[in-house]
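K.L.:
In the numbering used here, the protein residues as written are 99 to 243.
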């Protein structure tokens, strides 16, 4: 049973913008780098400057996001007399970021599960739609619900 939800208005576009600004790259190149490296930790002794810069930039933005999530968790636990959150579900195109789920689990110490729109009970989606692209339309789908 879903007991608490919170919409945090930070998405993958914010990540693209941060990479573009910090690395002085076009938005298209920033998105390509984000998809290539994600928030995966660069190997030790790597000389790949792009991977190092992307990781540092994404970590900074994601850490701010995780701080917001942590505050929500703290609020929930206080409201529910100390009951801990057992799992976190993430949805949308940004939830597919390489390494995000693992990083969130490491920081928050709670299992994280990506959820596709097709996995949600009670939502019937036209079978002719491209299911792989639905995660990128989560805001539009949410508005129609």
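Built from N, CA and C at the ideal position, the CB exists for glycine as well.
Please confirm whether residue 156 and residue 180 have their CB atoms less than 9 Å apart.
P.N.:
Numbered from its first residue, the chain shown carries residue 156 at position 58. Numbered from its first residue, the chain shown carries residue 180 at position 82. For residue 156 and residue 180, no; Cβs fall outside 9 Å.
K.L.:
Would you kindly work out how many angstroms separate the C-alpha atoms of residue 241 and residue 207, rounded to a whole number?
P.N.:
Against the chain shown, residue 241 aligns to sequence position 143. Against the chain shown, residue 207 aligns to sequence position 109. Note that residue 241 scores a pLDDT of 47, beneath 50, so its modelled location is shaky; the value from the coordinates is reported in the next line. Going by the C-alpha atoms only, they are around 31 Å apart.
K.L.:
Count the other CB atoms, across all protein chains shown, that sit within 10 Å of the CB of residue 167; report buried if there are 16 or more and exposed otherwise.
P.N.:
The residue you call residue 167 lines up with position 69 of the chain shown. Classification for residue 167: buried.
K.L.:
Over the uninterrupted alpha helix (DSSP H) stretch that includes residue 173, give me the two end residues.
P.N.:
Here the question's residue 173 lines up with position 75 in the chain shown. Taken as a continuous stretch (DSSP letters only), the alpha helix (DSSP H) holding residue 173 covers 147-177.
K.L.:
Does the segment 119-129 come within contact of the segment 183-200, defined as at least 3 CB pairs closer than 8 Å?
P.N.:
Not touching, per the Cβ criterion.
K.L.:
Can you check DSSP and say which residues form a bridge with residue 212?
P.N.:
On the chain shown, residue 212 is found 114 positions in, with the first residue counted as 1. The partner list for residue 212 (beta bridge, DSSP) reads 188.
K.L.:
Would you say residue 117 and residue 151 are within 9 Å of each other, going by their C-beta atoms?
P.N.:
Taking the chain shown and counting its residues from 1, the one referred to as residue 117 is at position 19. Taking the chain shown and counting its residues from 1, the one referred to as residue 151 is at position 53. In contact: residue 117 and residue 151 (Cβ atoms closer than 9 Å).
K.L.:
Looking at the unbroken alpha helix (DSSP H) that takes in residue 122, where does it start and where does it end?
P.N.:
For the purposes of this step, residue 122 is taken as the residue at position 24 of the chain shown. Per DSSP, residue 122 belongs to no alpha helix (DSSP H) and is neither H nor E.
K.L.:
Could you give the DSSP three-state label for residue 243: helix, strand or coil?
P.N.:
Against the chain shown, residue 243 aligns to sequence position 145. Since pLDDT at residue 243 reaches only 47, below the 50 mark, its modelled position is unreliable, and no value is offered.
K.L.:
Output the distance between the C-alpha atoms of residue 108 and residue 145, rounded to the nearest integer angstrom.
P.N.:
Residue 108 sits at position 10 when you count from the first residue of the chain shown. Residue 145 sits at position 47 when you count from the first residue of the chain shown. In a straight line, the C-alpha of residue 108 is about 30 Å away from that of residue 145.
K.L.:
Have a look at residue 169 and residue 110 and give me their C-alpha separation to the nearest angstrom.
P.N.:
The residue labelled residue 169 in the question sits at position 71 within the chain shown. The residue labelled residue 110 in the question sits at position 12 within the chain shown. Rounded to the nearest angstrom, the two C-alpha atoms are 21 Å apart.
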